[in-house]
RNA sequence: GCGCCCGUAGCUCAGGGGAUCAGAGCAACCGCCUUCUAAGCGGUAGGUCGCAGGUUCGAAUCCUGCCGGGCGCGCCA
């Protein structure tokens with residue numbers, strides 16, 4: 384149970400009782416009332432702002448409301464103290480037994496502790512990576528992949544019906560360029576001299592493989608043919624090859640998409656026309672002219688009338704073109720169809736994870752979603768800032784395979800998927816990130832992955848030690864039944880309190896769409912666990928396994944197991960398997 | 001020129017989204033190893049939360065302006 388929500392419910396009920404008793408006006412809006420841990424634990428276990436928030440609408444002084452409320456809150460089960468602080472805050476203290484009762488919940492739930500039905504099954508579509516199939520995935524994609532995947536897992540854990548989706552940008556001019564670039568490598572594979580890769584084509588060596596495979600499959604049949612003959616076949620072949628390698632890379636990182644949507648297929652199905660018609664019918668399409676951007680006018684700017692979408696009606700800065708000068712759809716038009724299609728598939732809630740270089744695109748896409756869904760759909764966009772790869776402080780630039788960037792595969796080879804996944808989440812998505820390959824694998828406290836894994840390994844170590852000391856069959860039932868009231872040490876109790884915050888942390892992170900919060904919580908939990916461990920070194924009576932006191936040992940093992948479960952629960956969101964030992 | 005993001009301790013970053021003293025790690029200094037991994041733990045020192053206003057009983061948190069850095073700005077995706 385999310386005990387903060389539980390207490391918030393109790394506070395709400397007390398306020399309603401007060402209203403019924405005439406101590407407060409009826410019909411007050413209680414939605415701003417919170418129950419949360421105070422910043423300083425010395426203030427108590429839970430603080431509520433109820434009296435402060437209601438003072439104005441109730442036309443009463445905060446302290447008056449607080450005085451009345453405190454009396455009622457003292458009657459709530461588990462509450463041992465309710466005090467007024469400062470201008471009218473109420474600090475609650477809960478009994479140790481109330482806290483210890485969380486232990487049984489954790490032990491029964493195991494790694495599922497923190498799961499909730501917050502989302503009530505609401506479908507959510509999380510679109511991430513969505514890289515063009517024109518080259519291997521690189522570090523920026525890795526960040527998007529990790530953020531998107533963890534966010535999706537987080538939402539699934541909190542009861543949303545999550546679909547992980549990849550939108551394949553396989554319809555534009557870039558894939559034609561890919562086709563031409565591949566054709567060159569195909570010729571090369573058949574023994575022709577191709578010289579330098581011409582400007583405008585992709586020079587990456589990764590296309591050599593693709594060219595060679597094409598030569599193996601088709602032989603020389605495309606040689607000496609006009610481009611219009613070979614381009615479609617070569618392009619499609621290359622897209623398939625690159626998508627396969629992209630899927631392999633994602634697999635290697637533990638990212639598994641539910642749906643791959645092809646832009647090309649979408650266009651061919653007439654989805655763009657359908658979306659366009661919907662906007663048009665709503666009177667949101669017109670022919671007009673745009674001002675050139677100030678300060679930086681493109682040299683080839685040509686003032687002309689074009690087909691525009693009234694995105695300004697939905698908060699965008701200027702209206703946006705949906706057709707190129709040759710009459711074909713813009714990428715934006717296709718992406719409107721993409722989101723329209725998601726909405727029609729049942730997703731009113733959509734999340735896109737993009738690179739920061741697409742930041743200028745957010746407003747128009749959100750505008751489009753509002754327009755095309757009649758206001759029923761909502762799009763949240765998570766922008767991932769730049770990732771720089773360092774090695775011992777030195778910037779790493781070149782990749783063996785790709786030429787100008789570090790590939791995802793390089794990263795995985797260098798530090799492993801688990802480290803990539805966790806480390807990428809130790810920063811907010813909208814803060815730039817320096818990924819240091821040396822630090823990422825260092826075994827020290829400033830390496831958060833290692834530190835959290837070490838804590839989990841230590842929980843396992845305790846279990847092994849306990850078994851060696853004759854404690855066997857330590858299953859959930861035995862640990863749930865253990866005498867938890869024997870846990871009276873301050874370190875033990877504060878660990879329990881931190882564990883009890885987990886469900887709230889998960890829900891808060893899910894609602895904010897911020898998976899990085901999980902990493903910080905896990906780091907704090909690990910820190911407290913290591914600290915408590917060390918107390919046992921200094922004071923033998925605090926060690927987990929006390930052979931002379933079987934009852935106490937079982938209670939402490941229950942706590943250790945609970946710590947392990949919560950770490951597992953958290954790492955599960957990141958898709959990182961917990962370590963059994965660190966050797 | 002316009003839009004978005006960022007500006008918190010020497011360094012790298014948190015700060016649950018308004019209120020009860022500004023946090024962590026690293027680096028610096030001082031301590032703790034016969035016992036479950038010292039790959040660790042504890043302590044000291046260090047900040048007018050970019051600047052200036054505003055809203056409020058209360059602002060690192062919300063609003064406005066400015067300064068500094070990043071990203072982007074029809075017919076690329």
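Residue numbers (our numbering): 384 to 966.
For every residue, glycine included, the Cβ atom is placed at its ideal position computed from N, Cα and C.
Check                                                                                                         : Outcome
CB of residue 545 within 7 Å of CB of residue 593, strictly                                                   : no
Reduced DSSP category for residue 549 - H, G, I as helix; E, B as strand; rest coil                           : strand
For residue 515, three-class secondary structure by DSSP                                                      : coil
Exposure of residue 612, with buried meaning 16 or more beta-carbon neighbours within 10 Å                    : exposed
Beta-ladder partner(s) of residue 509, from DSSP                                                              : 547, 734
Validate contact between the region 795 to 808 and the region 851 to 864 using beta carbons, cut 8 Å, 3 pairs : no
DSSP bridge partner residues for residue 645 (one or two, in chain order)                                     : 551
Proximity to residue 970 [Cα-Cα], best of 864, 570, 726, 565                                                  : Any question about residue 970 goes unanswered here, given that the chain covers just 384 to 966.
Alpha helix (DSSP H) runs contained entirely in the region 716 to 803, provided each spans 4 or more residues : 745 to 755, 791 to 798
Proximity winner among 415, 421, 430, 427, relative to residue 440 (alpha-carbon distances)                   : 415
For residue 953, three-class secondary structure by DSSP                                                      : helix
For residue 581, the nearest candidate out of 665, 955, 879, 561 (CA to CA)                                   : 561
Separation of residue 776 from residue 698, as counted between CA atoms                                       : 42 Å
Own chain residues within Cβ distance below 6 Å of residue 930, not counting five before or after             : 852
Between the CA atoms of residue 579 and residue 585 - distance to the nearest angstrom                        : 11 Å
Option in 859, 791, 547 with minimal Cα separation from residue 639                                           : 547
Pair within 7 Å by beta-carbon distance, residue 658 and residue 754                                          : no
Per-residue burial, residue 789 [other beta carbons within 10 Å of its own, 16 or more giving buried]         : buried
Run of the beta strand (DSSP E) containing residue 689, from where it starts to where it stops                : 689 to 692
Touching by the beta-carbon criterion (3+ pairs, under 8 Å), the region 531 to 543 and the region 508 to 516  : yes
Per DSSP, cross-strand counterpart(s) of residue 675                                                          : Answer is none; residue 675 lacks a bridge partner.
Residue from 824, 953, 758, 767 whose Cα sits closest to the Cα of residue 884                                : 953
Beta-carbon proximity check, residue 836 vs residue 962, cutoff 7 Å                                           : yes
Beta-carbon proximity list for residue 768, same chain, < 8 Å, skipping 5 on both sides                       : 739, 812, 813, 814, 815, 816
N- and C-terminal bounds of the alpha helix (DSSP H) containing residue 882                                   : 873 to 883
Bounding residues of the beta strand (DSSP E) (the contiguous stretch that carries residue 835)               : Unbroken run through residue 835 is the alpha helix (DSSP H), 831 to 851; no beta strand (DSSP E).
Cutoff 8 Å; reference residue 706; Cβ partners in own chain excluding five residues on either side            : 689, 690, 712, 713, 716
For residue 463, the first and last residue of its enclosing beta strand (DSSP E)                             : 462 to 468
Pair within 7 Å by beta-carbon distance, residue 915 and residue 878                                          : yes
Spatial distance of residue 461 from residue 477 (CA atoms)                                                   : 5 Å
The region 790 to 805 contacting the region 517 to 532, beta-carbon criterion three pairs below 8 Å           : yes
CB of residue 629 within 7 Å of CB of residue 553, strictly                                                   : no
Run of the beta strand (DSSP E) containing residue 817, from where it starts to where it stops                : 816 to 819
Nearest-angstrom beta carbon gap, residue 590 and residue 577 [assumed within contact, 8 Å]                   : In fact, because the Cβ distance is near 11 Å, the residues do not count as touching under 8 Å.
DSSP three-state assignment for residue 419, whether helix, strand or coil                                    : strand
When 938, 752, 426 are compared against residue 725, the one with the closest alpha-carbon                    : 752
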